[in-house]
Amino acid sequence: MFCLLPFTAAAVSFILPLVAAQYGSSNHTVDLGYAKYQGVLNQSTIQYFGIRYAQPPLGELRWRAPQDIESHSGYDPSTVIDATKRGPICVQGSPYWRNNPTLNSTGSEDCLLLDVLTPPAPVSSSLPVMVQIHGGGYDQGNSESAPGYLIVNQSQGQMIYVSIQYRLDAFGFLGSYEIRENGDANAGLLDQRAALGWIQRNIRAFGGDPARVTIIGGSAGGGSVVDQMILYGGVANPPFRAAIAEYPWWQSYKNNTILEAQYREMLAATNCSTLGCLRSQDSATLIAAMQTSLDVAYNAHVYGWGDFYYGPSVDGYAIRDLPSNEFKRGHFTKVPLMTNRDGYEGYNYSPKNETTQEEETADLQVIFPYAKQSFFSRLYQLYPAGDFNSTLFQRQSIYGDYIIACPTYYIATASSDWGQPTWKMIFDAGTELHGADGPFLWGPAASANNATLANIMKDWYIGFVLNLDPNSVNYSKTPKPYWPQYQSPGAANFSVMDVNYTQIGVIPDMDANPRCDFMHGQSYVVRN
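Letter by letter, the sequence shown follows residues -21 to -1, 1 to 507 in mature numbering (1 follows the signal peptide of the UniProt record, and there is no 0).
Dropping the structure here:
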């Protein structure tokens, strides 16, 4: 094992200078052919904010696949567009159980934007690219949710960072029969794919290599990475060469009954009876209707505590089956993969007032609507109350395994079984809660409370983006243990890097257990 002591922020060995903004330099103007963009040097990166990658999805373009911006931009190619200020975020929602009214009515529909961060001193004119798909339960988040300034700087001019936005909640994930017949389900996932297509066509102008794109995302962003891998049944030539699925959020894929209910709730809240009527509404009306649908459905027990209600679904075209089935059958894009999960994934998504198993069962029955008594009998055999110091921790373990921990086991085994280099991490440092590794990758060293670990984490991720191997660089000059592949030839199977408060080292995957085997075998019950 590799010791991380002393566990203090005092050992900061990598501090980024803040560079004053320098607007107007021709060095920061990028010509894309159809438009020119002016960036700005700040935080030691050249930043280009709010670049449209698709037409605004308004009016008749709502609930349809995005249309490319190049042929529909209406821009004067000779005009330089100011890309020094952040663009609007997508419309945000809030599930009823989260009770976050500050998000209500925030955001814009004109939000299909991305940000590009480039190093001021690139080592070549064709750099690898890390593309961030933000998380937030498919109803929150934006391109700044995981800022990439620090990781670009630690790469020492070796990589470019792009962060994208996509339609959320009802705007991105309505999937009823009417939507599928006269539009596109999973519009949010198609937005992500369109952004990746824009990167393939345009990243060279920023000094990027379209053949060396790695997609990354955490939580719903990690779930989105998985969905990009299974999109269209897994394509042979995807717009990325590698994937990082951080604590991938496998929220229940709603069945047709619930998809129809979501659509009918939107119609009722807008006094509409047709999809055409919905498309004719103003944004404020649709945003209010979306939030009403979130509230009504929760109080009707259509979705439960910890579920965000809207999200990807099986539409038979873009998403052809559940992720668990697609990975089991090999219907996914075969690229090198990194994945991870945190120590207590289910804690933030479990109600804190449950004290009895009866209350817990009633709560979980909403999460697993098709589960019978035999399901719960076996569930409590695998998660006996005596193993936990409270009902809360029993429930968080069940939900955390179901929603994130077990999926990392499923995708890591499938990826490595199909011959792809695969790495997995269990992160038990920081808060140990969902997203605990975020400050170590995206925040300043002091916020991570362990500068040494922050440097190690960034080196691992940079190494994977640059060379498809997390062990391949040491730009921070920080000693670190070797991270073996999940199933290395001639080595122990199911090896993961375990990171805890005091040390890091390789252990067997603790998610390769009967609990996750049970969840996998019952996927038709919990996601039907």
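Here a beta-carbon is modelled for each residue, glycine too, at the ideal position from N, C-alpha and C.
Since this is a predicted model, take the numbers as computed values, not measurements.
Closest Cα partner of residue i within the set the options
i, options, result
"W462", "Y328, I435, Y454, L445", "I435"
"V444", "K15, P107, N6", "P107"
"K233", "R320, G154, P36, Y75", "G154"
"P189", "N165, G212, N216", "N216"
"W421", "Q260, D407, D438", "D438"
"G285", "G115, S395, D61", "G115"
"Q144", "V102, S104, R65", "R65"
"P74", "T271, Q179, Y440, Q46", "T271"
"T440", "F28, Y13, V19, G127", "The displayed chain sequence assigns Tyr, not Thr, to residue 440. Y440 has its Cα closest to that of G127, out of F28, Y13, V19, G127."
"S50", "S395, Y349, L361, R180", "R180"
"I130", "Y242, L96, E338", "L96"
"Y378", "E160, G322, S23, G167", "G322"
"Q34", "L412, F28, A44, I25", "A44"
"L371", "P363, E339, F347", "E339"
"L92", "G53, I30, S57, D148", "I30"
"E411", "N327, V275, Q17, F150", "N327"
"D148", "Y362, L168, A100, G136", "L168"
"G151", "S134, G136, D170, R159", "D170"
"G283", "D61, W76, I60, T63", "W76"
Buried or exposed by the 16-neighbour rule on C-beta atoms within 10 Å, applied to residue i
i, result
"D366", "exposed"
"I139", "buried"
"C495", "buried"
"A268", "buried"
"G186", "buried"
"A(-1)", "Residue placement at A(-1) is flagged as unreliable, the pLDDT there being 32, under the threshold of 50; the coordinate-derived value follows with that caveat. Under this definition A(-1) is an exposed residue."
"N132", "buried"
"P98", "buried"
"N165", "buried"
"N332", "exposed"
"V102", "exposed"
"Q360", "exposed"
"S467", "exposed"
"N161", "exposed"
Close beta carbons around residue i, own chain, < 8 Å, minus the five adjacent residues each side
i, result
"L447", "R220, A221, P315, P400"
"M498", "D380, Y381, C385, V505"
"A491", "Y388, T392, F473"
"N79", "S73"
Residue interval of the alpha helix (DSSP H) (run including residue i)
i, result
"P302", "302 to 308"
"S376", "370 to 379"
"S134", "No alpha helix (DSSP H) contains S134, which DSSP labels as neither H nor E."
"G151", "148 to 152"
"Y117", "No alpha helix (DSSP H) holds Y117; DSSP gives it neither H nor E."
"F354", "352 to 361"
"V70", "No alpha helix (DSSP H) contains V70, which DSSP labels as neither H nor E."
"I346", "336 to 346"
"D496", "493 to 500"
Residue i beta carbon near the ligand GDP (any heavy atom closer than 7 Å)
i, result
"A391", "Ligands in the displayed structure: none, and consequently the ligand GDP is not present."
Same chain, Cβ closer than 7 Å to residue i, five either side skipped, listed in chain order
i, result
"E39", "R258"
"K403", "T318, N319, T387, A391, Y465, V475, D488"
"K307", "A393"
"F287", "P74, G116, Y117, D118, Q230"
"P(-5)", "At P(-5), the pLDDT of 28 sits below 50, so the modelled position is not reliable; the number obtained from the coordinates is stated separately. Excluding residues within five positions, the ones whose Cβ falls inside 7 Å are S23."
Cβ shell of residue i (< 6 Å), same chain only, five flanking positions each side left out
i, result
"P487", "F473"
"I223", "I195, M317"
"P227", "G201, G202, V205, P386"
"G213", "H310, F311, T312"
"Q111", "A125, S142, I195"
"E225", "G197, G201, N319"
"S262", "E88"
"S451", "G442"
"E305", "I209, F311"
"L11", "N181, A184"
"E157", "L254"
"G3", "In this prediction, G3 has a pLDDT of 36, which is less than 50 and means its spatial position is unreliable; what the coordinates show is noted afterwards. If we look at G3 and ignore the five residues flanking it on each side, it has no Cβ neighbours."
First through last residue of the beta strand (DSSP E) which encompasses residue i
i, result
"D94", "92 to 97"
"Y140", "139 to 143"
"M109", "106 to 112"
"M317", "316 to 321"
"Y27", "24 to 31"
"I60", "59 to 61"
"G484", "482 to 487"
"Y156", "Taken as a continuous stretch (DSSP letters only), Y156 belongs to no beta strand (DSSP E), being part of the alpha helix (DSSP H) at 156 to 160."
"Y16", "15 to 17"
Beta carbon proximity, residue i to chain B, threshold 8 Å
i, result
"I486", "Absent here is chain B; the protein component of the structure consists of one chain."
Practice prompt. List in chain order: all unbroken alpha helix (DSSP H) runs of 4+ residues lying wholly within the region 167 to 249.
Written response: Look at the region 167 to 249 and you find these whole runs of alpha helix (DSSP H), each 4 residues long or longer: 199 to 209, 235 to 249.
Discussion item. Runs of 3 residues minimum, wholly inside the region 396 to 470: which ones carry the beta strand (DSSP E) assignment?
Written reply: Fully enclosed beta strand (DSSP E) runs of 3 or longer: 401 to 406.
Worksheet entry | Segments of 4+ residues assigned as alpha helix (DSSP H) that fall wholly inside the region 254 to 310 | Restricted to the region 254 to 310, the alpha helix (DSSP H) segments that are unbroken, complete and at least 4 residues in length are 254 to 259, 262 to 278, 302 to 308, listed in chain order.
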